[in-house]
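Colleague:
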Amino acid sequence: MRNEYTTPFGIAHYILLLAVGALALGIIIYAAYWGPRSAARPTPRPSPSPVPSKCARDVANAVEQMWAYHPEFIPAKYQNMVIEYLAAPVEATVRGTCNNVKFTCRAGQIRRMCDPCAMADARDSAMEVHISDIVAAECNK
Numbered sequence: 002m003r004n005e006y007t008t009p010f011g012i013a014h015y016i017l018l019l020a021v022g023a024l025a026l027g028i029i030i031y032a033a034y035w036g037p038r039s040a041a042r043p044t045p046r047p048s049p050s051p052v053p054s055k056c057a058r059d060v061a062n063a064v065e066q067m068w069a070y071h072p073e074f075i076p077a078k079y080q081n082m083v084i085e086y087l088a089a090p091v092e093a094t095v096r097g098t099c100n101n102v103k104f105t106c107r108a109g110q111i112r113r114m115c116d117p118c119a120m121a122d123a124r125d126s127a128m129e130v131h132i133s134d135i136v137a138a139e140c141n142k
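Numbering (the working numbering), first residue to last: 2 to 142.
1) Looking only at its own chain, which residues have a Cβ that is under 7 Å from the Cβ of I135, when we skip the five neighbours before and after it?
2) Measure the C-alpha to C-alpha separation of T8 and I16 and round it to an integer number of angstroms.
3) With a 10 Å radius around its C-beta and 16 neighbouring C-beta atoms as the bar for buried, classify D116 as buried or exposed.
4) Does the Cβ of Y79 have 16 or more other Cβ atoms within 10 Å, making it buried, or fewer, making it exposed?
5) Per DSSP, what are the beta-bridge partners of P90 in this structure?
6) Can you give me the C-alpha to C-alpha distance between L24 and N101, rounded to a whole angstrom?
7) Taking just the CA atoms, how far does I28 sit from R58?
Right, dumping it as structure tokens:
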């Protein structure tokens, strides 16, 4: 005589019963935690970024156009910043992605030799310094 609780179907029955019980418990916990109280929890909103003044926007536009269309008018100070960044050896290993291309710069390598975005990064950082210098001089009067 076979015991009906130890047959494969009996064991599967209990496993299925446990799975349904766990699912029911999960639904109860979900409803209790995220149910009616979820409306009371405020959703985090990013703080608004400061709006630049008209003078700062005009300066930024003028400098960006200068860098894009008239590089001969860029002061030597900012051109030297780009050159120094490109020629500087990397101090620690840098891993990154540039235009969906992964790269690795090892300590001691020249950045422009291993980072495909080094020129754009150098140019962008020098342009930001150029913009902030002119804004500080012209817009804060």
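Even glycine gets a Cβ: it sits at the ideal position worked out from N, Cα and C.
Modeller: Quick look at the numbers:
1) Within the sequence shown, the letter at position 134 stands for residue 135. If we look at I135 and ignore the five residues flanking it on each side, its Cβ neighbours are V60, V64.
2) Start at 1 with the first residue of the sequence shown, and residue 8 comes out as number 7. Start at 1 with the first residue of the sequence shown, and residue 16 comes out as number 15. About 13 Å.
3) Position 115 of the sequence shown holds residue 116. Under this definition D116 is a buried residue.
4) For this step, residue 79 is matched to residue 78 along the sequence shown. Buried, by the Cβ-count rule.
5) Walking along the sequence shown from the start, residue 90 turns up at place 89. Paired residue(s): I111.
6) Looking up residue 24 in the sequence shown gives position 23. Looking up residue 101 in the sequence shown gives position 100. Taking the straight line from one Cα to the other gives about 41 Å.
7) Locating residue 58 in the sequence shown gives position 57, counting from the first residue. Locating residue 28 in the sequence shown gives position 27, counting from the first residue. The alpha-carbon atoms of R58 and I28 are separated by roughly 52 Å.
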